[in-house]
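Engineer: Using numbering that gives the first Met the number 0, you'd call the opening residue of the sequence shown number 0 and step up by one each time.
Cβ atoms here follow ideal geometry from the backbone N, Cα and C, with glycine treated the same way.
Shown below is the structure under consideration.
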Amino acid sequence: MRLRIGAKSDTGRIREGNEDAFLVDERMGLVAVADGMGGHRAGEVASATALEALRANVASGTPIRDAIANANTAVLEKSESDESLQGMGTTVTAGTVASGDTLLVAHVGDSRLYLLRDGALRRVTEDHSLVEELVRDGQLTPEQAAVHPRRSVITRALGVDKEIEVDLHPLALHIGDRLVFCSDGLTTMLHDDQIGAVLRRESDPQRVAAQLVADANKAGGEDNITVVVVDAVSGDSLVEHPAPLPEEVESPDPSAVDAQQGAEPKRPRARRVARVTTRALLWALPVIAVLALAVGTAGWYARRTYFVTITDERVVLYKGRPGGAFGWDPTVETVTDLRSSQLTAAQRDDLDGELTFSSRSEADDYLDRLAEGARRPSRSTTTTTVPVVAP
Ligand code: MG
0 MRLRIGAKSD
10 TGRIREGNED
20 AFLVDERMGL
30 VAVADGMGGH
40 RAGEVASATA
50 LEALRANVAS
60 GTPIRDAIAN
70 ANTAVLEKSE
80 SDESLQGMGT
90 TVTAGTVASG
100 DTLLVAHVGD
110 SRLYLLRDGA
120 LRRVTEDHSL
130 VEELVRDGQL
140 TPEQAAVHPR
150 RSVITRALGV
160 DKEIEVDLHP
170 LALHIGDRLV
180 FCSDGLTTML
190 HDDQIGAVLR
200 RESDPQRVAA
210 QLVADANKAG
220 GEDNITVVVV
230 DAVSGDSLVE
240 HPAPLPEEVE
250 SPDPSAVDAQ
260 QGAEPKRPRA
270 RRVARVTTRA
280 LLWALPVIAV
290 LALAVGTAGW
300 YARRTYFVTI
310 TDERVVLYKG
320 RPGGAFGWDP
330 TVETVTDLRS
340 SQLTAAQRDD
350 LDGELTFSSR
360 SEADDYLDRL
370 AEGARRPSRS
380 TTTTTVPVVA
390 P
């Protein structure tokens, strides 16, 4: 299989400059469209910087997702280095030919990739735009989104943040497939039906690209318009080093594409979040179990003993360890009627050392003996007296 490619980019009828850019490299098997934004033509710099970095990275063997992350860094660094470029950003929708006639599509922003297969047109990418998210959430209809005043607001772009989330779509190519990479200057001017009609009518990819740009201009040409048309035709591939499919991408099921025609766009983000959550839980469960066991053991150790001491001149029985352990403070079990003044000096010394017991009954026995001794106050002194023997 080889690719036949046609491309056209146009300023449109309203804008002063063209901030879109595209990249076609048949030998690298790389195609991309970027739609730059930013004041004073900074958008031109953003889209060109991103595609230059993308090309350099893919040429040196960097996987497409990392290549886009590096392109994001390149745009960020450029905007930070020059005040007139601050706040610039760009979309990128790119495809690289990977082994097994698979096109690996990487996508950020509201440019799009369409696939025409067996006469049916479907969107491969999902717009990262405010209105499309509202449509997906059921808060707007596609008709309302098409005329929404904030339809150009995008929710993901290169050059905004150090972290970039990239959608990846592996697409198993068939002979006869026609792909269209385009900026929103095409899709805000033409409905999918109008785009599909041109794709079906015209065979030469370069003429298709030119016709779509002309039709978008006829419809108003309110934004820059960029179209890259890629036909999969029979013949030897010109791609010199098709990239291996990255591990995180499952090999595409060719029949899955057909099954999805006319269906809702895929939701890779939700799937990825679900997968990460599941993986995190699998790791977390044993950790939680061990922590719970440790906490339980510490609690059992901290709380299993009793001790008796003098608090505010009264003999008090506590549950726990003197001074507490592992965050568990001892709690008062009983405040007895015994006062420290009723105890012998030796008993008071014992209690200063916070006498501990391994069970409540042992502690109670001790308190009973202490109370009994206190009821015989002279006992301690009588032990030293010699019984008087009558002469
Ligand atoms: Mg645009």
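Candidates D348, H168, A218, D311: which alpha carbon is nearest T335's?
Structural biologist: Here the question's residue 335 lines up with position 336 in the sequence shown. Comparing Cα-Cα distances from T335 to each of D348, H168, A218, D311, the minimum goes to D311.
Engineer: Is it true that the region 147-167 meets the region 64-75, where meeting means three or more beta-carbon pairs spaced less than 8 Å apart?
Structural biologist: These segments touch.
Engineer: Could you check whether the region 21-28 touches the region 196-216, counting it as contact only if at least three pairs of C-beta atoms, one from each stretch, sit closer than 8 Å?
Structural biologist: Here the region 21-28 does not lie against the region 196-216, with fewer than 3 beta-carbon pairs under 8 Å apart.
Engineer: Do you know whose CA, among Y300, L102, V207, lies nearest V123's CA?
Structural biologist: On the sequence shown, residue 123 is found 124 positions in, with the first residue counted as 1. When only C-alpha atoms are compared, the closest one is L102.
Engineer: For P148, which option in V130, Q341, V289, L114 has the closest C-alpha, if you only look at C-alpha atoms?
Structural biologist: Within the sequence shown, numbered from 1, the residue matching residue 148 stands at position 149. Checked all of V130, Q341, V289, L114; the closest Cα to P148 is V130.
Engineer: Would you grab the beta carbon distance between E15 and D34 for me? Rounded to a whole angstrom, and I think it's under 8 Å.
Structural biologist: By one-based count along the sequence shown, residue 15 stands at place 16. By one-based count along the sequence shown, residue 34 stands at place 35. Not a contact, Cβ separation roughly 16 Å.
Engineer: How about D126: is its Cβ closer than 7 Å to a heavy atom in the ligand MG?
Structural biologist: Mapped onto the sequence shown, residue 126 falls at position 127. No; taking the cut-off as 7 Å, the Cβ of D126 has no heavy atom of the ligand MG nearer than that.
Engineer: In chain order, what are the residue ranges of uninterrupted beta strand (DSSP E) at least 3 long that sit wholly in the region 99-181?
Structural biologist: Listed in chain order, they are 101-107, 111-116, 119-122, 166-171, 177-181.
Engineer: What's the call for V385, buried or exposed, on a 16-neighbour Cβ count within 10 Å?
Structural biologist: Residue numbering aside, residue 385 sits at position 386 when the sequence shown is read from its first letter. Low confidence applies here, because V385 scores a pLDDT of 40, under 50, leaving its location unreliable; read the following figure in that light. The residue in question, V385, is exposed, as its Cβ has fewer than 16 Cβ neighbours within 10 Å.
Engineer: Near D328, which residues of its chain fall below 6 Å by C-beta distance, leaving aside the five closest residues on each side in sequence?
Structural biologist: Within the sequence shown, residue 328 is the residue found at index 329, counting from 1. If we look at D328 and ignore the five residues flanking it on each side, it has no Cβ neighbours.
Engineer: Report the partner residues of W327 according to the DSSP bridge assignment.
Structural biologist: Here residue 327 corresponds to residue number 328 of the sequence shown, with the count starting at 1. Paired residues: A324.
Engineer: Could you tell me if the beta carbon of S182 falls within a distance shorter than 7 Å of some heavy atom in the ligand MG?
Structural biologist: As a working note, residue 182 is residue 183 in the sequence shown. S182 Cβ: within cutoff of the ligand MG.
Engineer: To the nearest angstrom, how far is the alpha carbon of Q260 from that of I63?
Structural biologist: For the purposes of this step, residue 260 is identified with residue 261 of the sequence shown, where counting begins at 1. For the purposes of this step, residue 63 is identified with residue 64 of the sequence shown, where counting begins at 1. Only weak support exists for where Q260 lies, its pLDDT of 40 falling under 50; the coordinates are left without a value.
Engineer: Express the C-alpha separation of V165 and S151 in angstroms, rounding to a whole number.
Structural biologist: Counted from its first residue, the sequence shown places residue 151 at position 152. Counted from its first residue, the sequence shown places residue 165 at position 166. Straight-line Cα distance between these residues: approximately 19 Å.
Engineer: Alpha carbon to alpha carbon, how far is L237 from A66?
Structural biologist: Taking the sequence shown and counting its residues from 1, one reaches residue 237 at position 238. Taking the sequence shown and counting its residues from 1, one reaches residue 66 at position 67. Rounded to whole angstroms, the separation of the alpha carbons of A66 and L237 is 21 Å.
Engineer: Taking DSSP as the reference, what is the three-state secondary structure of V197?
Structural biologist: Start at 1 with the first residue of the sequence shown, and residue 197 comes out as number 198. Note: V197 maps to helix in three-state DSSP.
Engineer: Quick check: what's the CA-CA separation for G392 versus L2?
Structural biologist: It is not possible to answer for residue 392, since the shown part of the chain is limited to 0 through 390.
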